[in-house]
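Notes to accompany the following structure.
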Amino acid sequence: MSGIVGLFSSQGQAPHRQLWPALVNHLRHRGPHEGAWWADGPFFLGHRRQLAAGSQRGQQPMATADGRLVLVCDGAIYNHIELKRELERDGFRFHTDSDAEVLLHGYLAWGEGLARRLDGMFAFALVDRQSQELLLVRDRFGQKPLLFWRGGSYFAFASELRPLTALPDMPRQLDVEGLGGFLTLNYVPGNRTLLEGVERLGPGQWLKVGASIEQGTYYQPPLEVRPQVDGKTSLEEFTEMFDRAVGGTLQGEAPPGILLSGGVDSALVAESGARQGRLNQAFFLDFEEPGFSRKRGVKEVCRHLGLKLETLTMTPQMLEYFPALVEFADEPLADPSALAFYMLSKLAADTHKVVLSGEGADELFAGSPRYWATLLHKRVVARLPARLRRQAADWANGYRVKSGKVNWAFRLARFLRAAPLESGLAHYTWRGSWLPAQAATMVAGKACQPVGEALVVKTLDLDPNHLSLLDLQKADLSDFLPNDVLARSDHLGLAAGVEARRPFLHHELASWALALPESAKIHWGGKGKTLLRTRAQAIFGKSVASGSRLGLGFPVHAWLLTPEAEPIRDALSPSDLNKVGVLDIDKIQSALNETLAGERAYGPELWGLAVLSTWYARRVAQAPAPPRVDDLSERVIPLA
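Take 592 as the starting number for the sequence shown in my numbering and just add one per residue.
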């Protein structure tokens, strides 16, 4: 658990010296035990971390013995032991067991080719005092966040927005084009943020800052699919690669826990970890509402593996955490599953600092219904006359879905309302809230056009005439996965006190999975993740393998009507919404009134607007309050 921040000036000394300690400690929740910073001429680097057993010698910022390279890193390098042995054979001497030292020596040995050798989740910044350059690198799938802002005369980066918004010359203006994506998808798509000028370093990317700024990509998902696979051979290959991937995430003094969702993904992670002797505790979040619980399947998995199970039941009382949820998510994230993940992480944090999850499997093995929905749209709906498609959408938009539950009526209406859209654009709307045209009506004045067009640019690389399953998976891997799923689990997990590790995102396993043919991933009219379900059935039986996918979403519509939802309804008041400056207050109040009257089920849409209103007040309307800085020191840890 770590957080990093830094500055680089192209015109002399790094700016805002009096703020350096505060910039570091705005990330204290990412690393509560220790913080330090280092500066030299145009460079400033800061680091916070949580201490783990045996990590006392891995303090950062860390430097090479000659002081040429200085590093701060967030994350974990799972193959650092293998890389260390390789470097030792080449003559490098090590003085710690830290993976940070492996990065320093690895850069001296392999230069920018270092990133391609790494297996893990990471975001790091490396200063080369010899070339007077700053290098930023982010892991292949964006498991660790890294944001940057180009000021007038300097460059700033951080793990989160909060330190960047503390800079006095940061404009803190809303990015209206990003707003369109947020209202439609529940997260800000692409590499922009909702703060104008602040960008994300994309998954698998590097950025070098010196006399000029260069940016590049060191990893992209594979482009081709194997035409045929033998079922038995594929299962054997998967099991071998998956065990190796899980084994890498089991490293550490104490065994990790496992977050069980009730699906086959986390069940397979649990089985591999338990079989390797490093997993004995599971955590599960249950719901009282009918149709939301998957406890029966989870109990079967734990009984089969001999795992201890700790369960927390979600109730509307947990809506009291809504303000904290928005604060710790850092960027606006309206995915309702964020609350459930935060509560599950708090449960696990009482006894564990590291947990494993099944995140990434849906995108790699086509587990979500949205994949076959998009292919059905392309192969059938898109070929219908435009008049019929418009009529279907008109019916869907007029159909008054009154239940917040994702049942057949909800799914049908969601599918048909996208009938007039191109298939690539429709794919982005299955799990979102407002359609692009609807989102445009939620804003006023000149903001309508960029909001309505925000998602069109996301589909330029998705050719509607040659749209394949692999195209859809790659689109989700580069956007939905890092900007929604992984952002949720990183920010909210660390805020709760645990770090999530995701074995499915081992890059070799991921490349292998993406290259599988469509038949090994989805069955038409059935469920996805065909290969994973086959493996799960061999281990647990049919009941676990055939379980429906529910995720961590809670009954947001029903809960919005409860007395406990007052913080959310307050955030939807005209006075709070009006502060955002671009919203159509009358349209939003109409949607709220229809929902409260039981006429429509706009729960997820209103949840997103409440997130936006609360986030704006905390990140845009004012700079963050200065943190205490009495636990910081200025230092760099040189290697002897």
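Don't be surprised by glycine CBs; every beta carbon is placed ideally from N, CA and C.
So, helix, strand or coil for residue i, using DSSP?
{"i": "residue 665", "result": "strand"}
{"i": "residue 1229", "result": "strand"}
{"i": "residue 764", "result": "coil"}
{"i": "residue 806", "result": "strand"}
{"i": "residue 623", "result": "strand"}
{"i": "residue 645", "result": "Low confidence applies here, because residue 645 scores a pLDDT of 49, under 50, leaving its location unreliable and the question unanswered by this model."}
{"i": "residue 906", "result": "coil"}
{"i": "residue 800", "result": "strand"}
{"i": "residue 899", "result": "strand"}
{"i": "residue 745", "result": "strand"}
{"i": "residue 911", "result": "helix"}
{"i": "residue 1180", "result": "helix"}
{"i": "residue 1198", "result": "helix"}
{"i": "residue 916", "result": "helix"}
{"i": "residue 605", "result": "coil"}
{"i": "residue 1262", "result": "The structure shown does not extend to residue 1262, since the chain is modelled only from 592 to 1231, so the question has no answer here."}
{"i": "residue 1216", "result": "coil"}
{"i": "residue 1022", "result": "coil"}
{"i": "residue 540", "result": "In the structure as shown, the chain starts at 592 and stops at 1231, and residue 540 therefore has no counterpart that could be examined."}
{"i": "residue 695", "result": "helix"}
Out of curiosity, what's the CA-to-CA distance linking residue i and residue j?
{"i": "residue 597", "j": "residue 681", "result": "32 Å"}
{"i": "residue 929", "j": "residue 677", "result": "40 Å"}
{"i": "residue 1011", "j": "residue 1033", "result": "21 Å"}
{"i": "residue 1199", "j": "residue 899", "result": "36 Å"}
{"i": "residue 619", "j": "residue 651", "result": "14 Å"}
{"i": "residue 758", "j": "residue 599", "result": "13 Å"}
{"i": "residue 740", "j": "residue 1129", "result": "50 Å"}
{"i": "residue 795", "j": "residue 670", "result": "17 Å"}
{"i": "residue 860", "j": "residue 837", "result": "7 Å"}
{"i": "residue 823", "j": "residue 1076", "result": "31 Å"}
{"i": "residue 904", "j": "residue 1225", "result": "45 Å"}
{"i": "residue 1231", "j": "residue 684", "result": "Note on residue 1231: pLDDT 47, under 50, position unreliable in the model; the coordinate value appears next. If I take the Cα positions, the gap works out to 9 Å."}
{"i": "residue 1127", "j": "residue 827", "result": "13 Å"}
{"i": "residue 1068", "j": "residue 732", "result": "7 Å"}
{"i": "residue 1026", "j": "residue 1216", "result": "36 Å"}
{"i": "residue 877", "j": "residue 949", "result": "17 Å"}
{"i": "residue 914", "j": "residue 638", "result": "26 Å"}
{"i": "residue 1207", "j": "residue 788", "result": "16 Å"}
{"i": "residue 668", "j": "residue 687", "result": "14 Å"}
{"i": "residue 832", "j": "residue 940", "result": "29 Å"}
{"i": "residue 1181", "j": "residue 970", "result": "37 Å"}
{"i": "residue 889", "j": "residue 799", "result": "46 Å"}
Shortest alpha-carbon distance to residue i belongs to which of the options?
{"i": "residue 907", "options": "869, 844, 1074 and 1155", "result": "1155"}
{"i": "residue 1084", "options": "608, 769, 595 and 621", "result": "621"}
{"i": "residue 679", "options": "759, 693 and 667", "result": "693"}
{"i": "residue 869", "options": "904, 795, 628 and 947", "result": "947"}
{"i": "residue 1228", "options": "614, 951, 895 and 660", "result": "660"}
{"i": "residue 713", "options": "952, 722, 770 and 728", "result": "728"}
{"i": "residue 1071", "options": "875, 601 and 776", "result": "776"}
{"i": "residue 736", "options": "1175, 1076, 851 and 791", "result": "791"}
{"i": "residue 1174", "options": "1153, 1204 and 1107", "result": "1204"}
{"i": "residue 936", "options": "1164, 1090 and 1103", "result": "1090"}
{"i": "residue 1210", "options": "611, 1221, 1190 and 917", "result": "917"}
{"i": "residue 657", "options": "695, 674 and 640", "result": "695"}
{"i": "residue 842", "options": "781, 689, 1183 and 1021", "result": "689"}
{"i": "residue 1196", "options": "1222, 674, 926 and 604", "result": "926"}
{"i": "residue 663", "options": "901, 595, 1131 and 1185", "result": "595"}
{"i": "residue 1020", "options": "1074, 961 and 1035", "result": "961"}
{"i": "residue 1220", "options": "610, 702 and 1023", "result": "610"}
{"i": "residue 1202", "options": "770, 835 and 763", "result": "770"}
{"i": "residue 631", "options": "1186, 605 and 640", "result": "605"}
Go through its chain and collect everything with a Cβ distance to residue i's Cβ below 6 Å, but skip five positions before and after it.
{"i": "residue 1123", "result": "855 and 956"}
{"i": "residue 718", "result": "634, 661 and 725"}
{"i": "residue 708", "result": "none"}
{"i": "residue 779", "result": "769, 772, 773 and 785"}
With hydrogens ignored, establish whether the beta-carbon of residue i is closer than 7 Å to any heavy atom of the ligand SAH.
{"i": "residue 1083", "result": "Among the components modelled here there is no ligand, and therefore nothing to report on the ligand SAH."}
Skipping 5 residues on each side, what residues in its chain have a beta carbon closer than 7 Å to that of residue i?
{"i": "residue 722", "result": "801"}
{"i": "residue 603", "result": "633"}
Leaving aside the five residues before and after residue i along the sequence, list all residues of the same chain whose C-beta is less than 8 Å from its C-beta, in chain order.
{"i": "residue 642", "result": "624 and 625"}
Segment contact, 8 Å Cβ cut-off, at least three pairs: the stretch 973 to 983 with the stretch 1130 to 1137: The stretch 973 to 983, when compared against the stretch 1130 to 1137, does not touch it at the 8 Å Cβ threshold.
Cβ contact check for the stretch 944 to 964 and the stretch 792 to 810: 3 or more pairs under 8 Å: Contact between the stretch 944 to 964 and the stretch 792 to 810 is absent, because fewer than three Cβ pairs lie under 8 Å.
At least three beta-carbon pairs within less than 8 Å, the stretch 1099 to 1118 to the stretch 837 to 849: In short, these stretches do not touch, since the Cβ pair count stays below three.
Touch test, the stretch 812 to 824 against the stretch 1077 to 1096, Cβ-Cβ under 8 Å, three pairs minimum: As far as the Cβ criterion goes, the stretch 812 to 824 does not touch the stretch 1077 to 1096, which means the pair count is below three.
The stretch 1095 to 1105 in contact with the stretch 745 to 756 per 3-pair CB rule at 8 Å: Flag = no, the stretch 1095 to 1105 and the stretch 745 to 756 do not touch.
Validate contact between the stretch 626 to 633 and the stretch 608 to 616 using beta carbons, cut 8 Å, 3 pairs: Judged by pairs of C-beta atoms under 8 Å, the stretch 626 to 633 touches the stretch 608 to 616, as three or more such pairs exist.
Contact between the stretch 1057 to 1077 and the stretch 903 to 920 (3+ Cβ pairs under 8 Å): Contact annotation: the stretch 1057 to 1077 does not touch the stretch 903 to 920, with fewer than three C-beta pairs closer than 8 Å.
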